[in-house]
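Okay, so here's the structure we're looking at.
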Amino acid sequence: MAISLSVKLITVGAALISLDYRHRFTARPQPPKAEYDFIVIGAGTAGATVAARLSEQSNVQVLLLEAGGPGNFMFDAPVLANLVFNGQWNWNYTNVKQSVGIGLKNKVIPEFRGYALGGSSSINSMVFNRGNTRGYDDWANNYGATGWSWDEVRPYFLKYENNTDCDLVEAYPEWHSTGGPVQITTWANPDPIYQLMIQANNELGYPTTDINGPNQLGIALVQEFASTRGVRSSSSNSYLEGNRRPNLDISVHSRVTRVLFSGRTAVGVEYVKNGVTYVAKTRKEIIISAGAINSPQILMLSGIGPAQHLNDFSIPVLADLPVGINLHNHPRLDLRAYIKDDSLVTTSRLQDAEALTVPALYEWFTNGSGPLIQYHDTITYFNSRNNRDKNWPDLALEVRLYHQHKDVQLAAQDFDDVYAWTQWLQQYANRYFLQILPYHELPRSRGYIYLQSNNPFAPPILDQRFLTHPKDMDDFVEIVQYGLYVAERSSLAQYLLPVKPIPGCYACPHTPYLYQCDSYIRCHIQQLTLSGLHDCGSVRMGDPNRDDTVLDPRLRVKGFKRLRVCDASVFPVIPNGNTNAATFMTGEKCAEMVKEDNYFNV
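Under my numbering, the first residue of the sequence shown carries the number 32, and numbering increases by one thereafter.
Rendered as structure tokens:
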């Protein structure tokens, strides 16, 4: 018997109210107390993990402070990732003007970071990608991050993982786990265009692989941080929601302005909530988990950072440490390959706001199925000519499926030359396309984060210095060339429209294909290079005797007591993969170290 629209509408309404309640009341409505055993700053991927694990000790009191607000049902639906990504749940940072990305809006590269419970794990593209094992061995062997080799961090990856793909777990039992709080899923029934993409890469010598298994080189339809019922697995709904321990207070809209000290011992934090300034004291430790941009900002506002820089803003210097230095990220590019035949797009037909229909919401809420759960993605790993370790790939090609909205003028707002892009996009209005994203996974270029002023509400100065190392540019040209080759010459090309030059760049007159035109590729890179949104390294850990480290390997700020940092900012070098997986691991390992150092059973 068919279910009427009115019944579906009532069901959807009730489900939305229930979800809203679950998100909204994860945080406690009453104001926090004046003193806690542990204070965690930031409820992102690592912060929520640390706070939840510490609160497992029933005899301690934990405060989790989050600058953003509670979650939203839109966080939960994978297909709505693009809406939350560009919405109000974002710090909306931008880099200072770079030598690349000059064709983007205002000629600057945006830097999206999550501004809500769950942090960036609530708004990202959900890719489960740990990065290569060699990277973690490099942390330990070359940077003095003892305890962080692959063999030593692997248990913490497995501790949080609840992998729902039985075949994958059975094939690689030493590489995957089913016992953790974070569900990870392989999507069923990918669109035929993805299968053709995989086939084309196979034909070019890149086998299908599990990128989180023993062999990273090759192509994978990636697993996602999501449940089998099509719900995003953020740190918030994996660790916090539905688990309101009485000894864990979660305070949203609580912006930390500085850490308070007695000598070189952290004793509390100052934060602003609803326009009122509060102080919370700690009996044991403060863990800063505000992310690779905001953690260095908080440290510098508190007097820990480059001395001359702090003096410029009349901030009393407690320690001259290289905070904000060593910032780095994965540069990526936006290539578009439009699809000839819409029949190659099946499960991903409804995207973004178009998916928010009563029938789709009903199917999602009642069956955990339908268009709201689909967010497919492929990643192929490569080696550049410059890469000496062929088992540690330094380049990757990520491919997603999107729909070009018929209102192309709205889409053109993302670019600096709105008129030219409106004309270019018009020919593709209402068509599906593959967004081909070349990544440099092991960049050499390094940037920095500095304060703009001593005002804690002023955004910091963010300069990634993308592709400033000459070898990075040469490597990036290689992966862009490969992406264009796949779109123009591989077996996939017959299903795609011819790739046309973007506004501001011109094809070579003597070559029939763009992948053969070096000047075009370099122009495209200059115009449309984007951030991979994997900021890290700005509060580097490692050998405490090194001048370029801020933290020791137990994530303690050098020279201070009762103060740690725990998020992607601590990475000595970026993993050659999406950083969310490694940040979950860091949260798990940090929580255990805090327990050990405070004499708790672990």
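Where a beta carbon is used, it is the ideal one built from N, C-alpha and C, also for glycine. The model shown is predicted, which means the values in this text are computed figures rather than measured ones.
Please state the DSSP three-state secondary structure of glutamine 61.
In the three-state DSSP reduction, glutamine 61 falls in the coil class, being neither helix nor strand.
Where do the N-terminal and C-terminal ends of the beta strand (DSSP E) with aspartate 280 fall, by residue?
From DSSP, the beta strand (DSSP E) with aspartate 280 extends over 279–282.
Give the DSSP-derived three-state secondary structure of proline 141 in the structure shown.
Taken through DSSP and simplified to helix, strand or coil, proline 141 comes out as strand.
Which full runs of the alpha helix (DSSP H) of 4+ residues lie inside the region 412–500, going along the chain?
Here the runs fully enclosed are 439–442 and 449–457.
Can you give me the Cβ contacts of aspartate 280 inside the same chain, cut-off strictly under 6 Å, excluding the 5 residues immediately before and after it?
So the qualifying residues of the chain are Arg59, Pro63 and Leu94.
Separation of proline 584 from proline 575, as counted between CA atoms
Straight-line Cα distance between these residues: approximately 8 Å.
Within its chain, find whatever has a CB closer than 6 Å to the CB of asparagine 121; leave out the 5 residues flanking it on each side and keep chain order.
The residues are Phe143 and Tyr146.
Any idea what DSSP makes of glutamate 619, helix, strand or coil?
Judged by DSSP in its simplified three-state form, glutamate 619 adopts helix.
Could you tell me which of Gly261, Pro238, Pro390 and Ile404 sits nearest to serine 35, measuring between CA atoms?
Nearest C-alpha to serine 35: Pro390.
Under 8 Å: do the region 398–406 and the region 109–116 share three or more Cβ pairs, one atom per stretch?
Yes, they touch.
Alpha helix (DSSP H) segment containing tyrosine 174, residue limits
Residues 164–174.
Taking glycine 514 and leucine 428 to be in contact with their CB atoms under 8 Å, please state how far apart those CB atoms are, rounded to whole angstroms.
Right, the Cβ-Cβ distance comes to about 5 Å (below 8 Å), so this counts as a contact.
Taking 8 Å as the cut-off, decide whether the C-beta atoms of glycine 573 and glycine 210 are in contact.
The answer is no: Cβ separation not under 8 Å.
Whether or not the region 547–565 and the region 123–136 are in contact is what I'm after, with contact meaning three or more pairs of Cβ atoms, one per stretch, closer than 8 Å; do they touch?
Counting Cβ pairs under 8 Å, three or more are found: they touch.
Taking the beta strand (DSSP E) that arginine 593 belongs to, which residues open and close that run?
Arginine 593: not part of any beta strand (DSSP E); DSSP gives it neither H nor E.
Just checking: is the beta-carbon of glutamate 316 within a distance shorter than 8 Å of some beta-carbon in chain C?
Any reference to chain C falls outside this structure, which holds one protein chain only.
Give me the DSSP bridge partner(s) of glutamine 572.
According to the sequence provided, residue 572 is methionine. The question's glutamine does not apply to it. Leu582.
Can you grab the Cα-Cα spacing for the pair asparagine 268 / tryptophan 218, in whole Å?
Approximately 20 Å between the Cα atoms of the pair.
Counting along the chain, where does the alpha helix (DSSP H) carrying leucine 36 start and finish?
From DSSP, the alpha helix (DSSP H) with leucine 36 extends over 36–55.
How is tyrosine 67 classed by DSSP in three states: helix, strand or coil?
Strand.
Residue range of the alpha helix (DSSP H) that alanine 112 falls in?
Going by DSSP, alanine 112 is part of the alpha helix (DSSP H) stretching over 112–116.
In angstroms with no decimal places, state the Cα-to-Cα distance between tryptophan 181 and asparagine 417.
Pairing tryptophan 181 with asparagine 417, the inter-Cα distance amounts to about 24 Å.
If you pair each beta-carbon of the region 325–344 with each one of the region 515–535, do three or more pairs fall below 8 Å?
By the criterion of at least three beta-carbon pairs nearer than 8 Å, the region 325–344 is not in contact with the region 515–535.
Residue span of the beta strand (DSSP E) that contains arginine 286, given as start and end:
Element bounds for arginine 286: 285–293.
Measuring alpha carbon to alpha carbon, tell me which of Tyr67, Asn461 and Leu235 ends up nearest lysine 312.
From the listed residues Tyr67, Asn461 and Leu235, the smallest Cα separation to lysine 312 is found for Tyr67.
Run of the alpha helix (DSSP H) containing isoleucine 324, from where it starts to where it stops
Taken as a continuous stretch (DSSP letters only), the alpha helix (DSSP H) holding isoleucine 324 covers 322–332.
So, at 6 Å on beta carbons, what are the nonlocal neighbours of methionine 624 in its own chain, with the 5 sequence-adjacent residues on each side left out?
Within the same chain, Cβ atoms closer than 6 Å to the Cβ of methionine 624 are found at Arg585, the five residues on either side in sequence being excluded.
Classify cysteine 567 as helix, strand or coil using the three-state DSSP reduction.
Looking at cysteine 567 - three-state DSSP - the assignment turns out to be strand.
Do proline 534 and aspartate 448 have their C-beta atoms within less than 8 Å of each other?
A contact, by the Cβ cut-off of 8 Å.
Considering only DSSP beta bridges, list what glutamine 214 is partnered with.
Residue pairing of glutamine 214 in beta bridges, as defined by DSSP: Asn193.
Helix, strand or coil at arginine 520 [DSSP, three-state]:
DSSP, reduced to helix, strand and coil, places arginine 520 outside both helices and strands of the structure shown, so it counts as coil.
Please state whether DSSP places proline 101 in a helix, a strand or coil.
In the structure shown, the three-state DSSP call for proline 101 is coil.
In the DSSP assignment, find the alpha helix (DSSP H) that holds alanine 368 and state where it starts and stops.
Per DSSP, alanine 368 belongs to no alpha helix (DSSP H); it is in the beta strand (DSSP E), 366–369.
Less than 8 Å between the CB atoms is what I'm expecting for alanine 82 and valine 71, so what's the real figure, rounded?
Correct: roughly 4 Å between the Cβ atoms.
Between aspartate 598 and proline 491, what straight-line distance do the alpha-carbon atoms span, to the nearest angstrom?
Distance from the CA of aspartate 598 to the CA of proline 491, rounded to the nearest whole angstrom, comes to 18 Å.
Run of the alpha helix (DSSP H) containing glutamate 234, from where it starts to where it stops
Here the alpha helix (DSSP H) through glutamate 234 covers 223–234.
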